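Asks: Okay, so the sequence shown: first residue is 11 according to the working numbering, each after it adds one. All C-beta atoms in this analysis are idealised placements derived from N, C-alpha and C, irrespective of residue type, glycine included. No experiment lies behind these values; they were computed from the predicted model shown.
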Amino acid sequence: MVRSIRRLKTLLSIAKRKDGGNQEFFRELLENAEKSLNDMFVRTYGMLYMQNSEVFQDLFTELKRYYTGGNVNLEEMLNDFWARLLERMFQLINPQYHFSEDYLECVSKYTDQLKPFGDVPRKLKIQVTRAFIAARTFVQGLTVGREVANRVSKTYEKDKSRTHFGASPRG
Numbered sequence: 011m012v013r014s015i016r017r018l019k020t021l022l023s024i025a026k027r028k029d030g031g032n033q034e035f036f037r038e039l040l041e042n043a044e045k046s047l048n049d050m051f052v053r054t055y056g057m058l059y060m061q062n063s064e065v066f067q068d069l070f071t072e073l074k075r076y077y078t079g080g081n082v083n084l085e086e087m088l089n090d091f092w093a094r095l096l097e098r099m100f101q102l103i104n105p106q107y108h109f110s111e112d113y114l115e116c117v118s119k120y121t122d123q124l125k126p127f128g129d130v131p132r133k134l135k136i137q138v139t140r141a142f143i144a145a146r147t148f149v150q151g152l153t154v155g156r157e158v159a160n161r162v163s164k165t166y167e168k169d170k171s172r173t174h175f176g177a178s179p180r181g
């Protein structure tokens with residue numbers, strides 16, 4: 011039992027050091043992905059991208075909000091992203107026309123049927139959803155595990171001191 015408690019304490023001290031690191035690691039991955047995508051699109055599309063980059067910035071803002079425990083429906087959020095992207099691209103491809111908001115909304119409603127981006131939205135939705143659910147669950151699990159280990163350790167220490175010093179007299 012004592013050996014198990016020592017192992018638990020060791021794991022607890024590692025968890026205290028690493029848990030923040032894991033959260034930070036995933037945040038850094040997300041920041042790096044956003045920066046890499048931004049850099050690549052700026053090089054590839056230049057001003058055209060820069061004038062419309064808020065579509066992608068909003069995507070990453072929502073992904074970060076989901077990761078940090080925000081109430082975000084990933085599937086809905088990704089559907090909104092693709093709809094917004096389609097609206098922007100539709101306008102950019104047809105600069106000679108002016109489209110009303112209603113018309114653009116109508117175009118985005120038919121994204122699934124039109125498939126302007128091929129199968130990419132469906133595949134990306136699956137991959138992003140799996141990755142973010144796993145990352146968020148992993149970090150939350152580490153947090154809960156740390157809390158459980160803390161409680162067990164405190165309970166053990168309290169029980170150990172009672173056994174060592176005897177129960178305190180009542181009354």
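So for G155, helix, strand or coil by DSSP?
Replies: Here residue 155 refers to the residue found at position 145 when the sequence shown is read from its first residue. Helix.
Asks: Please say whether L124 and F97 have beta carbons closer to each other than 8 Å?
Replies: Residue mapping note: residue 97 aligns to position 87 of the sequence shown, counting from 1. Residue mapping note: residue 124 aligns to position 114 of the sequence shown, counting from 1. According to the sequence shown, residue 97 is Glu rather than Phe. No. Outside cutoff.
Asks: Which term fits F35, buried or exposed, when burial requires 16 or more other beta carbons within 10 angstroms of its beta carbon?
Replies: Counting from 1 along the sequence shown, the entry for residue 35 is found at position 25. Exposed, because fewer than 16 other Cβ atoms sit within 10 Å of the Cβ of F35.
Asks: Answer yes or no: do Y55 and R146 have a C-beta to C-beta separation smaller than 8 Å?
Replies: Here residue 55 refers to the residue found at position 45 when the sequence shown is read from its first residue. Here residue 146 refers to the residue found at position 136 when the sequence shown is read from its first residue. Cβ distance not < 8 Å, so Y55 and R146 don't count as in contact.
Asks: Compute the distance between the beta-carbons of L40 and F66, then report whether it is under 8 Å.
Replies: Within the sequence shown, the letter at position 30 stands for residue 40. Within the sequence shown, the letter at position 56 stands for residue 66. Not a contact, by the Cβ cut-off of 8 Å.
Asks: Between F91 and A43, what straight-line distance do the alpha-carbon atoms span, to the nearest angstrom?
Replies: Taking the sequence shown and counting its residues from 1, one reaches residue 91 at position 81. Taking the sequence shown and counting its residues from 1, one reaches residue 43 at position 33. If I take the Cα positions, the gap works out to 16 Å.
Asks: Cβ of V138 within 8 Å of Cβ of L84?
Replies: Taking the sequence shown and counting its residues from 1, one reaches residue 138 at position 128. Taking the sequence shown and counting its residues from 1, one reaches residue 84 at position 74. Contact flag set, yes.
Asks: Rounding to the nearest angstrom, what Cα-Cα distance links K119 and D49 in this structure?
Replies: Against the sequence shown, residue 119 aligns to sequence position 109. Against the sequence shown, residue 49 aligns to sequence position 39. K119 and D49: Cα-Cα distance of roughly 30 Å.
Asks: Mapping DSSP to helix, strand and coil, what is S46?
Replies: In the sequence shown, residue 46 corresponds to position 36, counting from 1. It is helical.
Asks: Between L88 and the rest of its own chain, which residues show a CB-CB distance below 6 Å, the 5 nearest in sequence each way excluded?
Replies: Sequence index remark: in the sequence shown, residue 88 carries index 78 (1-based). Excluding positions up to five away in sequence, the list reads K135.
Asks: With DSSP run on the structure shown, which of helix, strand or coil describes K125?
Replies: Within the sequence shown, numbered from 1, the residue matching residue 125 stands at position 115. Reduced to three states, the DSSP call for K125 is coil.
Asks: Mind reading off the beta-carbon distance from L102 to L58? Whole number of angstroms is fine, and I expect it under 8 Å.
Replies: Numbered from 1 along the sequence shown, position 92 holds the residue referred to as residue 102. Numbered from 1 along the sequence shown, position 48 holds the residue referred to as residue 58. Indeed, because the Cβ distance is near 7 Å, the residues count as touching under 8 Å.
Asks: Quick one: what does DSSP say T165 is sitting in, helix, strand or coil?
Replies: Position 155 of the sequence shown, counted from the first residue, corresponds to residue 165. Helix at T165.
Asks: On a CA-only basis, which of G79, F51, F100 is nearest P126? Give me that one, please.
Replies: Working through the sequence shown from its first residue, we reach residue 126 at position 116. It is F100 whose Cα lies nearest to the Cα of P126.
Asks: Helix or strand or just coil, what does DSSP make of P105?
Replies: One-based indexing of the sequence shown puts residue 105 at position 95. Coil.
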